[in-house]
Amino acid sequence: MAANPRAAAVAALVRQEQDGFSNLILDAELRRRELDGRDKAFASAIFYTVLEHRGTIDFILEQFLPKGLAKLDAPVREILRAAVAQARYMQVPVSAAVNEAVKLTRSFKKSSASGLVNAVLRKACVYDLDKAVFKDEIEKLMVLGSASREVAEFLHRHYPEEALGILTHTADGGMTSLRANPLKASAAQLCELLMQNGAKSAEPGIVPGSVLARFEGSPAEQELFRRGYYHVEGQASQLAALCVEAKPGDTVLDLCAAPGGKTLLLAEEMQGTGRLISCDVTENRVQLIAKAVERMGFTACVETLCNDASRPNPKLPQADRILVDAPCSGLGILAKKPDIRYKSLLKARHDELLATQSAILDTAASLLKAGGRLVYSTCTIDPAENEEQVAAFLNRHPEFRVVTPEVPFPQGMTVGEHGALSVPTRTGMDGFFLCAMQKQ
Numbered sequence: 226m227a228a229n230p231r232a233a234a235v236a237a238l239v240r241q242e243q244d245g246f247s248n249l250i251l252d253a254e255l256r257r258r259e260l261d262g263r264d265k266a267f268a269s270a271i272f273y274t275v276l277e278h279r280g281t282i283d284f285i286l287e288q289f290l291p292k293g294l295a296k297l298d299a300p301v302r303e304i305l306r307a308a309v310a311q312a313r314y315m316q317v318p319v320s321a322a323v324n325e326a327v328k329l330t331r332s333f334k335k336s337s338a339s340g341l342v343n344a345v346l347r348k349a350c351v352y353d354l355d356k357a358v359f360k361d362e363i364e365k366l367m368v369l370g371s372a373s374r375e376v377a378e379f380l381h382r383h384y385p386e387e388a389l390g391i392l393t394h395t396a397d398g399g400m401t402s403l404r405a406n407p408l409k410a411s412a413a414q415l416c417e418l419l420m421q422n423g424a425k426s427a428e429p430g431i432v433p434g435s436v437l438a439r440f441e442g443s444p445a446e447q448e449l450f451r452r453g454y455y456h457v458e459g460q461a462s463q464l465a466a467l468c469v470e471a472k473p474g475d476t477v478l479d480l481c482a483a484p485g486g487k488t489l490l491l492a493e494e495m496q497g498t499g500r501l502i503s504c505d506v507t508e509n510r511v512q513l514i515a516k517a518v519e520r521m522g523f524t525a526c527v528e529t530l531c532n533d534a535s536r537p538n539p540k541l542p543q544a545d546r547i548l549v550d551a552p553c554s555g556l557g558i559l560a561k562k563p564d565i566r567y568k569s570l571l572k573a574r575h576d577e578l579l580a581t582q583s584a585i586l587d588t589a590a591s592l593l594k595a596g597g598r599l600v601y602s603t604c605t606i607d608p609a610e611n612e613e614q615v616a617a618f619l620n621r622h623p624e625f626r627v628v629t630p631e632v633p634f635p636q637g638m639t640v641g642e643h644g645a646l647s648v649p650t651r652t653g654m655d656g657f658f659l660c661a662m663q664k665q
């Protein structure tokens, strides 16, 4: 069982069901089992396919389990989910998915369930979802879009015509979005270098300086990555950092910076000069930023600091430019972080999040020099966290006004008086919001 990618995926899914943090759990399981590159990729694909499509998979399985999924032992439940994921979403033949699942029941010492697993999967893997009958539009979204009731209700309320499209959308065309380091290569040059170094495809993205690529393995395992030619960052996220319009010699604060992608872009814009202070609230996340900065060779101009941006800190200087990429509900990046699909959007938690965003913006306002630029961004499509948050900030701080950056917005962006919104179904990018403001 040690070198079996299917077993690794099931074991990680069982642990994820117990305590969350999917990426950490999967990484730990893959290391423990010492899988090689291809097996590691296959195990990861099973794991994330189950998370992304769990609502759909569970609905299908429930059709053939009179007592329901919840009554099963956790390993049996995850063996079933993993097999359906392979057969329906990963082009694995049904016979192979079923046979391997039955073998796994023995590996996990659940042989008594092998008959049930075999019988259920032979029907579930070929179930015609088009014939399913749903109670209402919310249930349909929950099943076809794999989402919690709260997430489905939110999207149905705010984006009724696009809700299912948002839930099933794959940002950046399903490719990996990179940011070319202009100090080493242009986007066009990076595309050529990537193709010479084994990438399946590479093309310029819609955001200036971005590249969309396909790799056999992880983009972080490429030699060009190690040499600082690019970092991995979604196009919409790049756009937010570009709107800061940082200049060489500026003093710039990136107040919620981990894992550091926007910090790297800001350092590139500053051409490695000036002073860029990159902050995050926990030490381990600050270490992620420091590691990325070192790899790209920007240690001369970038300082990292463990800092709670919701509170004043006398160590922080007055700045020419500030980026607040605020903690948010993440409802714009459901494809990249499938855990968010099943989150409960409790009002108390939402109110706490809004209060944190508000406090961070107030901190930023106090640190910005007159005439300076503040960019507020989130990876959500929730109006309360976006346009309404900006409107409330402007009421508290009349010395600020919204400005239009020189960076061209991609087609499909919704631009209003309180910022610009990327909805995945309209732009092809992640769901994202940004607003640039100037202090008088």
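In this text, residue positions in the sequence shown follow this note's numbering: the first is 226, and each later residue adds one. Glycine residues also receive a C-beta, built at the ideal position from the N, C-alpha and C atoms. All values derive from a computational prediction rather than experimental measurement.
Item                                                                                                                       : Value
Chain-order list of residues whose beta-carbon lies under 6 Å from that of A227 (same chain, five-residue window excluded) : In this prediction, A227 has a pLDDT of 47, which is less than 50 and means its spatial position is unreliable; what the coordinates show is noted afterwards. Within the same chain, A227 has close Cβ partners R258.
Delimiting residues of the beta strand (DSSP E) encompassing L478                                                          : 476-479
Boundaries of the alpha helix (DSSP H) in which T488 is found, first to last residue                                       : 486-494
Other residues of its chain near F284: CB distance less than 6 Å, five sequence neighbours each side excluded              : V368
Contacting residues, own chain, Cβ-Cβ under 7 Å from E287 (five flanking each side not counted)                            : G293, L294
Neighbour-count burial assignment, D607, 16 or more Cβ in a 10 Å radius                                                    : buried
Stretch pair the region 437-457 + the region 398-405: three plus CB contacts closer than 8 Å                               : yes
Cα-Cα separation between F618 and S462, rounded to whole angstroms                                                         : 22 Å
Check whether V627 and M662 have beta carbons under 8 Å apart                                                              : yes
Cβ pair M654, A388 closer than 8 Å                                                                                         : no
Inter-stretch contact at 8 Å, needing at least 3 Cβ pairs: the region 553-570 / the region 375-393                         : yes
C-beta atoms of I282 and A310 nearer than 8 Å                                                                              : yes
For A227, the three-state DSSP class (helix, strand or coil)                                                               : With a pLDDT of only 47 at A227, under 50, the local geometry of the prediction cannot be trusted, and the value read off the model is given with reservation. Three-state result, A227: coil.
Spatial neighbours of N406 in its chain, beta-carbon cut-off 7 Å, leaving aside the 5 residues before and after            : G453, Y454, Y455, E493, M521
Own chain residues within Cβ distance below 6 Å of F267, not counting five before or after                                 : P230
Where the beta strand (DSSP E) through I502 begins and ends                                                                : 500-505
Between the CA atoms of L491 and R240 - distance to the nearest angstrom                                                   : 38 Å
Length of the line joining the Cα atoms of C481 and Q582                                                                   : 11 Å
Length-filtered (4 minimum) alpha helix (DSSP H) runs lying within the region 393-461                                      : 412-421, 448-451
Best match in S591, K572, A645 for proximity to T605 [C-alpha to C-alpha]                                                  : A645
The beta strand (DSSP E) enclosing G557, as first and last residue numbers                                                 : Taken as a continuous stretch (DSSP letters only), G557 belongs to no beta strand (DSSP E), as it is neither H nor E.
Beta-carbon spacing of A349, F289 below 8 Å                                                                                : yes
Ordered list of beta strand (DSSP E) runs contained in the region 559-623, each at least 3 residues                        : 593-603
CB of T488 within 8 Å of CB of I514, strictly                                                                              : yes
Under 8 Å between C-beta atoms of R566 and S371                                                                            : yes
Start and end residues, alpha helix (DSSP H) containing G262                                                               : 262-287
For L297, the three-state DSSP class (helix, strand or coil)                                                               : coil
Proximity below 8 Å, CB of L592 to CB of L478                                                                              : yes
Buried versus exposed call for R598 [16 or more other C-beta atoms within 10 Å across all chains shown]                    : buried
Cut-off 6 Å between Cβ atoms - residues of its own chain near Q316, not counting five sequence neighbours on either side   : none
Boundaries (first-last residue) of the alpha helix (DSSP H) holding M638                                                   : Segment: none, M638 is in no alpha helix (DSSP H) and carries neither H nor E.
Residue range of the unbroken beta strand (DSSP E) whose run includes S371                                                 : Looking at the DSSP string, S371 is not in any beta strand (DSSP E), and its letter there is neither H nor E.
Selection from Q414, L255, A299, G596 that minimises the alpha carbon distance to K334                                     : A299
Other residues of its chain near K561: CB distance less than 8 Å, five sequence neighbours each side excluded              : A396, G459, D655
Contacting residues, own chain, Cβ-Cβ under 6 Å from A338 (five flanking each side not counted)                            : V301, T330
Whole-Å CB distance - E303 paired with V235, under 8 Å assumed                                                             : 5 Å
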